[in-house]
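Shown next, in structure tokens, is the structure this report addresses.
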Amino acid sequence: MALYGISGSHTTEACPLNNDTSAKMVLHAEGMNIEQIAQKYKINKILGQYHSALEHTFLWLVEAEDPHLIQQFCIEGGIASFNSVKIIPMITFQQVIETVKKVNPQ
Ligand SMILES: [Zn+2]
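Mapping of the sequence shown onto our numbering: residues 7 to 112, in sequence order.
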């Protein structure tokens, strides 16, 4: 299992604050169990879901097994229908320290 960021952005025009289609999709998601749906794509845990409303960007942090399945989750879940999305391999700061110790021992 690995840590991934799902980073997205949309235009002001596509924003759920301004666009009826996007708003319907976001409000529809409110009634769904996203954690349960994510399990189908081997996203085992959603650690955080953070949004910047006026920058129209978001960052979700997930523990998952396969970035291609995260991609499917974003497509089939509708996230990718009004956001451009990046799926980013992430590590913790502690893992950065351990990697630096290996690569550049002092
Ligand atoms: Zn927005």
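Virtual Cβ for every residue (Gly too), placed ideally from N, Cα, C.
Hey, would you say residue i sits closer than 7 Å to residue j, going by beta carbons?
i: Leu65; j: Ser13; result: yes
i: Met96; j: Gly37; result: no
i: Ile52; j: Val68; result: yes
Restricting to Cα atoms, I'd like to know which of the options is closest to residue i.
i: Gly83; options: Asn110, Asn39 and Ala20; result: Asn39
i: Ile94; options: Glu104, Gln77, Gln45 and Ala29; result: Gln77
i: Asn89; options: Thr105, Thr27 and Asp72; result: Thr27
i: Lys46; options: Asp72, Tyr56 and Lys30; result: Asp72
i: Thr18; options: Leu60, Lys107, Thr98 and Lys92; result: Leu60
i: Asn25; options: Ala8, Gly54 and Ser87; result: Ser87
i: Ala29; options: Phe79, His74 and Ile85; result: Ile85
i: Ala8; options: Asn110, His74 and Val91; result: His74
i: Thr98; options: Val106, Lys92 and Ile43; result: Val106
Give the C-beta separation of residue i and residue j to the nearest angstrom, bearing in mind that I take them to be a contact with Cβ-Cβ under 8 Å.
i: Ala70; j: Ile49; result: 4 Å
i: His62; j: Cys21; result: 5 Å
i: Ala44; j: Phe79; result: 6 Å
Going along the chain, which unbroken runs of the beta strand (DSSP E) with 3 or more residues stay wholly within the segment 58-97? 63-70 and 90-96
Unbroken alpha helix (DSSP H) runs of length 4 or more, entirely within the segment 16-62: which are they? 26-36 and 40-46
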